[in-house]
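Engineer: Numbering (the working numbering), first residue to last: 705 to 820. Don't be surprised by glycine CBs; every beta carbon is placed ideally from N, CA and C. As the structure is a prediction and not an experimental result, all values here were calculated from the model. So that we are looking at the same thing, I have put the structure below in structure tokens.
Below is the structure:
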């Protein structure tokens with residue numbers, strides 16, 4: 705259930721999301737198959753992946769993605785927290801300093817560009 709106050713949805717995310725449009729591949733722990741999708745938004749807390757082949761709720765996944773500001777692909781661990789037609793929401797696990805910095809910079813640049 706989404707909390708609503710005064711007719712407006714209350715944002716419950718801990719971290720602000722920034723829009724991205726980055727191809728991703730992801731693997732489900734214990735399965736060898738690589739699946740693909742498109743990263744649509746990201747924060748240090750997680751990512752929305754648009755995909756026709758989402759992993760199941762609760763699945764441990766590893767996401768490989770090249771993000772703006774990174775010198776090469778990053779490998780991001782996570783857990784699928786929700787699934788809907790056309791995609792899934794992934795909560796990141798423990799990220800390293802490089803991954804955290806790259807994602808934080810994406811968010812900072814988005815906030816600057818949108819005047820926040």
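#1: For residue 743, which of 762, 809, 767 has the nearest alpha-carbon?
#2: Does DSSP put residue 756 in a helix, a strand or coil?
#3: I want to know whether the stretch 724–736 touches the stretch 762–782 - three or more CB-CB distances under 8 Å.
#4: May I ask you to report which of helix, strand or coil DSSP gives residue 812?
#5: Which class does residue 799 belong to by DSSP, given the choice of helix, strand or coil?
#6: Exposed or buried, which one is residue 818 when buried takes at least 16 other CB atoms within 10 Å?
#7: So what's residue 817 in DSSP terms, helix, strand or just coil?
#8: Under the DSSP definition of a beta bridge, which residues are partnered with residue 779?
#9: Using a Cβ-Cβ cutoff of less than 8 Å, which residues in the same chain neighbour residue 739 once the five nearest sequence positions on both sides are dropped?
#10: Between the Cα of residue 774 and those of 810, 788, 763, 736, spot the shortest distance and give me the residue it belongs to.
Structural biologist: Let me spell this out:
#1: 767
#2: coil
#3: yes
#4: helix
#5: coil
#6: exposed
#7: helix
#8: 768
#9: 729, 730, 731, 732, 755, 757, 759
#10: 810
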